[in-house]
Amino acid sequence: MQKEGGKGLVHSNDTIRNRICIGESSNHAVSGYEQDMRLARELSEGDLLSSRQADHTESSVHERSHSSSQHITIRSGNEVKRGVRESTCLKPVPDKTKSSLDRENNMKEQPKSLGKVKGPQKHYKNKVKEQKLLKKMARRERIEAFLKKLRPDPRGKQMINDYVRILRRQLSCPVDIDRANAHFTRIYISLLPTEEENAKRKQLLTLLETLVGNEWPQAKLHVFGSCENSFGIINSDLDVCLSIDDENLDKSAFLLELAAVLKDGHLQNVEAVVRTRVPIVKFMDPSTGISCDISVNNYLPLVNTKLLRDYARLDGRLRQLALIVKHWAKSRGVNHPFNRTLSSYTYVLMCINFLQQREPVILPCLQAMLATYTTTVNGIECAFFDRVDEICHFGSNNESLSQLVWGFFNYWAYHHDYENDVVSVRTGSMLSKLSKGWETGKKDQKYTHFVSIEDPLDTTIDLGRVVDRKSIKILREEFERAAQIMQDDPQPWISLFETYVVPPIESFPLKATPIASS
């Protein structure tokens, strides 16, 4: 046995001799002893054997050296050394054991997006990069969602100042405004529900009566809202009140049971919304395409529907003006209480109050007249004059629809006192916020009252309470835009209803390291 160079390399003479390539010509061969010494010296000086080589048995080394020696021919003295170096298994190729095969298979299965993968470490680094990129993308989405919630759109920065507003109060209605009357009338007619749509609503109501009657024979269904008060437009939702004689009825539990019945009746998108002031069940009828909301024992909206329908019967111009204003509000995106703007019902009340204050007056105040209809709902006294056929064509005002559209936007753009006034259909006039206790900016109140519209029946409710500090600027800016169009635009029936599209929010530039790709 021989030990060389302090490297811990131990080889027998026979083992070393077996690793020498024997040439075909004996003239150029080198003695076995010299070759043994030269090989041991080279192995010691180069430190070429790794720890893995020590694990292989002498038999495997002998087999590889024997097989390689059969293919190498040494022809000169210089080639002898090179042949020895090449024939020696300095870095023997390990057997493809199970672990090595698994590692190679894993490397082949790497996704193409990771590029050329040279080993498990490279694969791990690419995985880390991919996870970081996904986190940055998720963070960017959260930021954009927060900005959309914080600021729905960038409007509200172009409001005119008080000096210009005072000057524009002196503007008079354009002398040629009636040229737009035919166009506004045509738009109004296009907004009316069709006979086919009315038939579909009746079909849905019949289906509901059947489903509900099978479970609760004593229950009754009542339609309220825009479909019943004459202010509905095409594709309006259906609002239904289910009345059932049970003073101790748990509305939330009942609506959950009703939702199950509607699902069994093959209605779609059924959802019970019970954690609200007025619990409802929402659904959509696939056969008619009509969406519907059902509440239970919600009687005050039924009285409200009757009041608005009686106002619509007094003068046809109210319905025309209200539908034009509702169409404008939807086109300009200021008709969504969810986005802190006003509801369609609120715009109808604003139109009624506007016509109550025209000079000469167009609409009387039914609640200020001798009451011919009285009822009490949830402790609220409801009383008003409902014999409207006796006072049709009230007053002597003959303004056209286009003149009323101009006057409505002119009032809300330049004349309304947003700081102090409350719109009141109940009195047919303006009330003060101080008298209602609705001063803007009170710290002890949940809502601020930037624009106040009193509900005509439940007078404790300010329907404008949803408007906040930002959306009031958007609303007033849109009123000013509409007033300017009605004053100066030669074709107001086109520009007034241009659809407003909220521009996309610019995302924060988030730098992300791209993943290596092939």
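Here the sequence shown stands for residues 62 to 579, where the numbers follow the working numbering.
For every residue, glycine included, the Cβ atom is placed at its ideal position computed from N, Cα and C.
What you are looking at is a predicted structure, and each value in this text was computed from that prediction instead of being measured.
- For the alpha helix (DSSP H) assignment, the uninterrupted runs of no fewer than 4 residues enclosed by the segment 357-394 are, from N- to C-terminal side, 361-375 and 377-392.
- Cβ atoms of Cys234 and Gly468 come within 8 Å of each other, at about 7 Å.
- Under the 10 Å beta carbon count, Phe399 is surrounded by fewer than 16 other beta carbons and is classified as exposed.
- Secondary structure at Ile351: strand, using DSSP grouped into helix, strand and coil.
- Cα atoms of Trp473 and Asn309: separation of roughly 45 Å, rounded to the nearest angstrom.
- With contacts defined as CB atoms closer than 8 Å, Leu328 and Ile294 fail to qualify as a contacting pair.
- Residue range Ser405 to Gln417 is occupied by the alpha helix (DSSP H) that includes Cys412.
- Per the coordinates, the alpha-carbon of Arg374 lies some 32 Å from the alpha-carbon of His510.
- Under DSSP, the beta-bridge partners assigned to Val484 are Met491 and Ile514.
- Exposure of Asp450 is indicated by the presence of fewer than 16 other C-beta atoms within 10 angstroms of its C-beta.
- Here Ser496 is not bridged, per DSSP, to any residue.
- Selection Asn187, Lys196 and Gly217 evaluated against Arg530 yields Gly217 as nearest (Cα-Cα).
- For the set Thr560, Ala314 and Ser352, the Cα lying nearest the Cα of Arg336 is the one of Ala314.
- Taken through DSSP and simplified to helix, strand or coil, Gln548 comes out as helix.
- Counting along the chain, His283 sits inside the beta strand (DSSP E) bounded by residues Lys281 to Phe285.
- The criterion of a C-beta distance shorter than 8 Å is satisfied by Leu410 and Ile514.
- Considered as a whole, the segment 410-478 harbours 462-471 as its complete alpha helix (DSSP H) runs of no fewer than 4 residues, in chain order.
- For Val339, no beta strand (DSSP E) run applies, since DSSP gives it neither H nor E.
- Leu369 is positioned such that its CB atom lies closer than 8 Å to that of Phe292.
- With respect to the C-alpha of Ile305, the residue from Ala280, Leu524 and Glu318 having the closest C-alpha is Ala280.
- Among the bridge pairs identified by DSSP, Glu332 is matched with Lys343.
- Non-local C-beta neighbours of Val334 in its own chain, meaning closer than 7 Å and more than five positions away in sequence, comprise Pro340, Ile341 and Lys343, ordered along the chain.
- Looking only at Tyr406, Ala544, Met491 and Arg448, the smallest Cα-Cα distance to Ile221 is reached by Ala544.
- Judged by DSSP in its simplified three-state form, Asp325 adopts helix.
- Counting the other CB atoms within 10 Å of its CB gives Ile227 a total below 16, which places it among the exposed residues.
- Annotated three-state conformation of Ser313 is helix, per DSSP.
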